[in-house]
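Everything on this sheet refers to the single structure shown next.
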Amino acid sequence: MAWYRRKAVIAGAGAVCAAGLAAAGLVIFTGGRAPAHHPAAPSPSPTQAALTSPFTGEPVRALRRVLIVKIDNLEAARPQTGLTRADIIYLIPVEGGLSRIMAVFSSHVPPVAGPVRSSREDDVELLRQYGRPAFAYSGADPRLLPLVHRARIIDLYEGLARGYYRDPHRLAPHNLYLRTSELLAQAAGASTAHDIGFRFGPPPAGGRRASSRSVSFPAAAFRFSWSPARQRWLVTMDGARAESTEDGQLSAATVVIQYTRVRTSRFHKQGVPSPYAVSAGSGAAVVLRDGKSWAARWSRPQADAGTTFTTAAGQPMTFARGPVWIVLTAQ
Numbered sequence: 007m008a009w010y011r012r013k014a015v016i017a018g019a020g021a022v023c024a025a026g027l028a029a030a031g032l033v034i035f036t037g038g039r040a041p042a043h044h045p046a047a048p049s050p051s052p053t054q055a056a057l058t059s060p061f062t063g064e065p066v067r068a069l070r071r072v073l074i075v076k077i078d079n080l081e082a083a084r085p086q087t088g089l090t091r092a093d094i095i096y097l098i099p100v101e102g103g104l105s106r107i108m109a110v111f112s113s114h115v116p117p118v119a120g121p122v123r124s125s126r127e128d129d130v131e132l133l134r135q136y137g138r139p140a141f142a143y144s145g146a147d148p149r150l151l152p153l154v155h156r157a158r159i160i161d162l163y164e165g166l167a168r169g170y171y172r173d174p175h176r177l178a179p180h181n182l183y184l185r186t187s188e189l190l191a192q193a194a195g196a197s198t199a200h201d202i203g204f205r206f207g208p209p210p211a212g213g214r215r216a217s218s219r220s221v222s223f224p225a226a227a228f229r230f231s232w233s234p235a236r237q238r239w240l241v242t243m244d245g246a247r248a249e250s251t252e253d254g255q256l257s258a259a260t261v262v263i264q265y266t267r268v269r270t271s272r273f274h275k276q277g278v279p280s281p282y283a284v285s286a287g288s289g290a291a292v293v294l295r296d297g298k299s300w301a302a303r304w305s306r307p308q309a310d311a312g313t314t315f316t317t318a319a320g321q322p323m324t325f326a327r328g329p330v331w332i333v334l335t336a337q
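To convert a position in the sequence shown, counted from 1, into this note's numbering, add 6.
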């Protein structure tokens, strides 16, 4: 205990008395102002010190609400806006052999995201592992739309929510954007980021050196090339650098090529059959991280559960910390 001593103003017996009281464990202030007491700042709890995003493995101050946006990926929609802030990006097959993006935001949220496009039936299954996320999309097949409305989401459909706008410098329908602050203001009940099965940490044993890896849909092609300088996989789409309007070339710390069954959806877009990429069940995968490639397995026994990844030896397939890209492709 610290003892504060002041100049005595009482002499003789008073000083002796004060000394006796001090020896008894009491503090006597004999004049003037008491010294200020400055308690030490509390140390952060282990939980606070170790808080990381379950989506990226990176440190976060808090687990924030999940906003998921369906984003156009046709050539006319590129470069997109906001994708460099996404925690997770899914590349999903759509009709005509093309692709569409589902972007998951939580750790970081850009002010604007887009171009926003319509939902598909397989989105509903994919979304379920996120609890009750806020889901932003521009529409769906008229027969599918009631199913999306009834899904376990905060429904931010363009026809219901505020915060969407058209960019007059781009051609419709590739010019619909959203202001995230306005959308999130309408999503008070959205679930926060939680464990969806990903594990982060040092790479598992094995892995083969890989400078790049390609994967394609019938009418779309993707290439992920390792950059030692950036320690990221740089993304190429349809033979061109995949860029954002805000921050250059898109990249990922971890890339997952998830092989699955792609069946025909019950709902079709303007009479054209739509694919349905099954995201529940199990199957083979390839995981890219740190300039290496691992053969892996994915498992999601129930749609409400997350997706876990294991190595060929059955050990957890850990991801590198940072954005994760997942390509759902036919096995």
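Ideal Cβ placement from N, Cα and C applies to all residues, glycine included.
{"Query": "Within a Cβ cutoff of 7 Å, which residues of the same chain sit near Pro224, ignoring the five residues on either side of it in sequence?", "Result": "Gly103"}
{"Query": "Please classify Gly195: is it buried, with 16 or more other beta-carbons within 10 angstroms of its beta-carbon, or exposed?", "Result": "exposed"}
{"Query": "How many angstroms separate the CA atom of Ala24 from the CA atom of Arg70?", "Result": "Any reading at Ala24 is ruled out, since the residue's pLDDT is 36, under 50, leaving its predicted position unreliable."}
{"Query": "What's the call for Ala28, buried or exposed, on a 16-neighbour Cβ count within 10 Å?", "Result": "For Ala28, the predicted structure reports a pLDDT of 35, less than 50, and the residue's modelled location is therefore unreliable. A value from the coordinates is still provided. Label assigned to Ala28: exposed."}
{"Query": "Determine the direct distance from the alpha carbon of Ser257 to that of His200, and round the result to whole angstroms.", "Result": "23 Å"}
{"Query": "Just mark Gly254 as buried or exposed, buried being the case when its beta carbon has 16 or more other beta carbons within 10 Å.", "Result": "exposed"}
{"Query": "Among all the DSSP beta bridges, which residues are the ones paired with Ala226?", "Result": "Phe223"}
{"Query": "Would DSSP call Arg39 helix, strand or coil?", "Result": "The predicted model places Arg39 with a pLDDT of 38, which falls under 50 and marks its position as unreliable, so this point remains unresolved."}
{"Query": "Which residue wins for smallest C-alpha separation from Trp331, given the options Arg84, Ser59, Leu97?", "Result": "Leu97"}
{"Query": "Relative to the C-alpha of Ala68, which residue among Thr58, Trp304, Pro174, Thr62 is closest?", "Result": "Thr58"}
{"Query": "Suppose contacts are defined by Cβ-Cβ distances below 8 Å. Is Leu189 in contact with Ala142 by that definition?", "Result": "yes"}
{"Query": "For the beta strand (DSSP E) that Leu294 lies in, which residues bound it at each end?", "Result": "287–295"}
{"Query": "Using DSSP's beta-bridge definition, name the partner residues of Thr314.", "Result": "Ser305"}
{"Query": "Among the residues of its own chain, which have a CB less than 6 Å from the CB of Leu240, if the five just before and after it don't count?", "Result": "Ser231, Ser233, Gln255, Ser257"}
{"Query": "Taking the beta carbon of Arg106 as the centre, do at least 16 other beta carbons fall within 10 Å, making it buried, or is it exposed?", "Result": "buried"}
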